[in-house]
Amino acid sequence: MVRATLGELAVQFGCTLRGSPDVIVTHVATLESADSSALSFLANPKYKAHLASTRVAAVVLDSASADECPVAALIAKQPYVTYARIAAVLHPPPLPAAGIHTSAVVSPSAVIDNTADIGAGVIIGEQVHIAENVVIGPGCVIGDHVTIGRDTRVLPNVTMLSGTVIGTRCLINSGAVLGSEGFGFAPSAEGWVKVPQTGRVIVGDDVEIGANTTIDRGAIGDTVIGNDVKLDNQIQIAHNVHIGDHTAIAACTGISGSTTIGKHCMIAGQVGIAGHLSICDNVVVTGKTMVSTSIRKPGIYSGSLHAEEARAFRRNAARFAQLDELAKLVKRTGKKTGDTTEES
Amino acid sequence: MVRATLGELAVQFGCTLRGSPDVIVTHVATLESADSSALSFLANPKYKAHLASTRVAAVVLDSASADECPVAALIAKQPYVTYARIAAVLHPPPLPAAGIHTSAVVSPSAVIDNTADIGAGVIIGEQVHIAENVVIGPGCVIGDHVTIGRDTRVLPNVTMLSGTVIGTRCLINSGAVLGSEGFGFAPSAEGWVKVPQTGRVIVGDDVEIGANTTIDRGAIGDTVIGNDVKLDNQIQIAHNVHIGDHTAIAACTGISGSTTIGKHCMIAGQVGIAGHLSICDNVVVTGKTMVSTSIRKPGIYSGSLHAEEARAFRRNAARFAQLDELAKLVKRTGKKTGDTTEES
Amino acid sequence: MVRATLGELAVQFGCTLRGSPDVIVTHVATLESADSSALSFLANPKYKAHLASTRVAAVVLDSASADECPVAALIAKQPYVTYARIAAVLHPPPLPAAGIHTSAVVSPSAVIDNTADIGAGVIIGEQVHIAENVVIGPGCVIGDHVTIGRDTRVLPNVTMLSGTVIGTRCLINSGAVLGSEGFGFAPSAEGWVKVPQTGRVIVGDDVEIGANTTIDRGAIGDTVIGNDVKLDNQIQIAHNVHIGDHTAIAACTGISGSTTIGKHCMIAGQVGIAGHLSICDNVVVTGKTMVSTSIRKPGIYSGSLHAEEARAFRRNAARFAQLDELAKLVKRTGKKTGDTTEES
């Protein structure tokens, strides 16, 4: 267990401390907690109501909220970032035990740094390179010619197919598949003809890949995930997609083949992006939106209706099916009364 | 193979039997089957047309349909429930072979009941507790400090990360990942700062979790799945979600972080539920709906348009993009002619 | 490395060669490549702009584009099919090493052809039949009574539950789960009653199944995937679905229980198809569409709105929620001015 005083944390993370520097915190908890050795934070105004009654040891928050804090306060300009950094100190990832588990099956041609931790039942193919401090969790299959950069953690039961390249400090969650066959078939009179998928998956540094996310290898050339890209669970990334640095994508989103996504984009959950598109930098796409054309201008894009009471929704949806006809009627009538839309 | 007479089944399950009590059934089949030792059922009126021509040994159905049944009838008030219970007698799950397969890798500190069945290639971490009659299928990885209650079956290649708690009589399908890292990052000038995910996944009793479904551990505090919750395949449940007892969720649905779903809800497939929401008890959400605000009233909620012939749909969708303008025109014209909506 | 001359390829694949028959190609590359031993292709007019500047050895294209090709041209009627076939010659799948890895756990009752390649850590149950030249990648779990036809390749970490039948020349990608429990529960006063799932998964010949795709076993009777069906990643196929020959389905699509899909259909990504429906042959469904009724007529079907700039979309979506009321107003006004839709 890590122990830190508020004084130490204030100095290390540049916070203003309101309260005793000698108070010790050992872990994080929510504002609702009554745990007097816990640190909490307030970043989302939605949870401000919990501040007045909190009984944790200290709260990371901004100066605007500090007066309402009934316990010690670590005042930061960006409370969520500061909280994240302190929490990482209090909750370090488990220390890897360097070495190769006796049940792992490692090709003799694989080069594995002796600080790396290869878990039970791991299978490592030919010509694999695994760098310093890499952790490969139990049950992972690492195909031939895979390269994994230092300090990357691969959780249990991940599959990396041949040729995959992973940068440094990445985290790959369980069930993720990197380098699966892209979906490429040419129609012919005799049925589908498979188009060989000859490329690889290339992942940058500081990338996080969620549980059961799939990233196909390129058909020709590679599928490329930039630096500091964050991919949530159950995302599907097709062959030859390129994702720019610092872009974050939420769960269950699917990106079709050969689409390029810019830097610093934020794509919400269950979004679908068609193939062969180009999305520029700094684009935000809201949940469940279907993107079917390229986006050339930074901004926020939406395309999904929201839940209504079912009977009302159904009535409106029935009218949607008459919408073209209704619009024509509106315009005819409008002409008679002298009312027009700008375009009619 | 199990053999049961209709007489025995009628007594055990409280059905009225129309037909010979000595007829033997050994398995279930559809109404279309001609198998004279099979039991079938009629619950969905859509399939009533098949009743007249069925040649199975007997059919479980309600009294209203009994007269049209050409073979023996087991008449029940709730034919689907009764069928389910009889089918469970005829098709018991395979008997586990108690013991730990020699190829499994089990931490010495794990406590495994000697009636449990630990399959080939299973990897079990430190301080794991596995109770009576639990079956862990081949290839599963069970992380440190996991607890699994009695009679729970875990199918092959499931991953449970550290700290996961599973109740009794659960069924976890292959490829499911429990306890993956939640998706939490604080934006900073230097890029994304990871927010440590310090909580666990807590699953109640009688829960079924589908293939390749992912449930993230809590960020602070736990992600909680109540008793008798049924989760289909490829569902994504983010950190700190709470799901109430008896709620059932169909495939491919995604639930964002910190959302609470009540009891006895039914969420259809491909639904998306945004984060930090509260859904009350007894809510039904229809397929592919996007829920973006809390739901405080029991009822049925919808939000998805349905397939139309593409050309018609495209014309209407083009009008949708003019809808605000059209509405303004309608209201202007309406005012001139003395027609108004309630709100205009 | 495979080496082929353009002359050999032109003869073998029936192309007209414009250029020297002695030029050697060894691999494929994009038109943007400057690799003088690479073969490329032009099939999508979107990429025609790259043709003029290409520096590859030769391009497969149709006669209409041949004049603009600055390098050798292999002229074909269907350039994409011809390219696919040539690429398969240049990039053959890795040769399997026949035999059973010493770390595999194989039931004594399994019958495995001695040309098959069973990878490290594979677990094979009772009464399994594996035919000639089958490759089972590392970490796969093959349940009892599974049958796999000749020349089928199963990539690492696939799970096939008991009774699954796979045809010849299939490719199953990593993380796929075949034969998981269908989602069947009867509601009762005491909670959900599980309906035993007694059927199997039956897969035809020449089928490709994507990474992390899940196919449930039938509840009664089987779930059936026809010949030459192509399933992309993260598709969910529920119990008792039948998919007709030559149908292709893109990623993240979900098909609910007991639905039948015809032959030669093309279903795009993130489509949802409700249960107990029938979709006829030659149906195309565009991305993210919700299909909630049977489709009896070949054609293209759509149901998804597309991304707009968020503010505009939100305004229109707000009007959608008033649509029924607006439509009534339009029709009232229209009557006064003598304007009507066909149906009003």
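Protein chains in written order, with our numbering: chain A, 1 to 344; chain B, 345 to 688; chain C, 689 to 1032. Built from N, CA and C at the ideal position, the CB exists for glycine as well.
Taking residue i and residue j to be in contact with their CB atoms under 8 angstroms, please state how far apart those CB atoms are, rounded to whole angstroms.
i, j, result
"V425/B", "A874/C", "4 angstroms"
"A38/A", "A52/A", "Rounded, the Cβ-Cβ distance is 17 angstroms, inconsistent with contact."
"N233/A", "N212/A", "6 angstroms"
"L705/C", "L719/C", "Wrong, their Cβ atoms sit about 18 angstroms apart, outside the cutoff."
"A120/A", "S103/A", "5 angstroms"
"L178/A", "E208/A", "Wrong, their Cβ atoms sit about 13 angstroms apart, outside the cutoff."
"F657/B", "G991/C", "6 angstroms"
When you compare the CB of residue i with every CB in chain C, is at least one pair closer than 7 angstroms?
i, result
"K336/A", "yes"
"T557/B", "no"
"K641/B", "no"
"A428/B", "yes"
"L329/A", "yes"
"P531/B", "no"
"T496/B", "no"
"V425/B", "yes"
"F664/B", "yes"
For residue i and chain B, any beta-carbon pair shorter than 7 angstroms?
i, result
"Q924/C", "yes"
"T948/C", "no"
"G655/C", "In the structure displayed, chain C extends from 689 to 1032; residue 655/C sits before or after that span and is not available."
"M978/C", "yes"
"D228/A", "yes"
"T341/A", "yes"
"D216/A", "no"
"N233/A", "yes"
"A97/A", "no"
Assign residue i to one of three DSSP states: helix, strand, or coil.
i, result
"H586/B", "strand"
"E1013/C", "helix"
"S1032/C", "Residue placement at S1032/C is poorly supported in this model, since its pLDDT is 46, which falls under 50; the coordinates still yield a value, given next. Looking at S1032/C - three-state DSSP - the assignment turns out to be coil, as it is neither helix nor strand."
"L6/A", "helix"
"P423/B", "helix"
"T558/B", "strand"
"T935/C", "coil"
"K641/B", "coil"
"S65/A", "helix"
"V135/A", "strand"
"Q580/B", "strand"
"V777/C", "helix"
"P733/C", "helix"
"H715/C", "strand"
With a threshold of 7 angstroms between beta carbons, is residue i in contact with chain A?
i, result
"L993/C", "yes"
"S622/B", "no"
"Y645/B", "yes"
"S688/B", "The predicted position of S688/B is uncertain, since its pLDDT is 46 and thus under 50; no value can be drawn from it."
"F1001/C", "yes"
"N660/B", "yes"
"G631/B", "no"
"A998/C", "yes"
"P844/C", "yes"
"V568/B", "no"
List the residues of chain B whose Cβ lies closer than 9 angstroms to the Cβ of residue i, in chain order.
i, result
"S103/A", "S447, V449, G465, I467"
"L61/A", "The contacting residues do not exist; L61/A stays about 14 angstroms from chain B at best."
Residue i versus chain B: which residues are under 8 angstroms apart at the beta carbon?
i, result
"Q78/A", "A530, S532"
"H246/A", "G535, W536"
"K46/A", "H620"
Chain A partners of residue i, CB-CB under 9 angstroms?
i, result
"N626/B", "Within chain A, no residue comes near N626/B; the closest Cβ sits about 14 angstroms away, beyond 9 angstroms."
Just the chain B side, please: which residues come within less than 7 angstroms of residue i by C-beta, in chain order?
i, result
"I908/C", "V372, A373, T374"
Just the chain C side, please: which residues come within less than 7 angstroms of residue i by C-beta, in chain order?
i, result
"G139/A", "G827"
"V195/A", "A772, A775"
(request) Output, in sequence order along the chain, the residues in the stretch 107–130 of chain A whose CB is closer than 7 angstroms to any CB in chain C. (result) G121, I123
(request) Quick one: which residues of the stretch 164–180 of chain A get their C-beta closer than 7 angstroms to a C-beta of chain B? List them in chain order. (result) L171, N173, S174, G175
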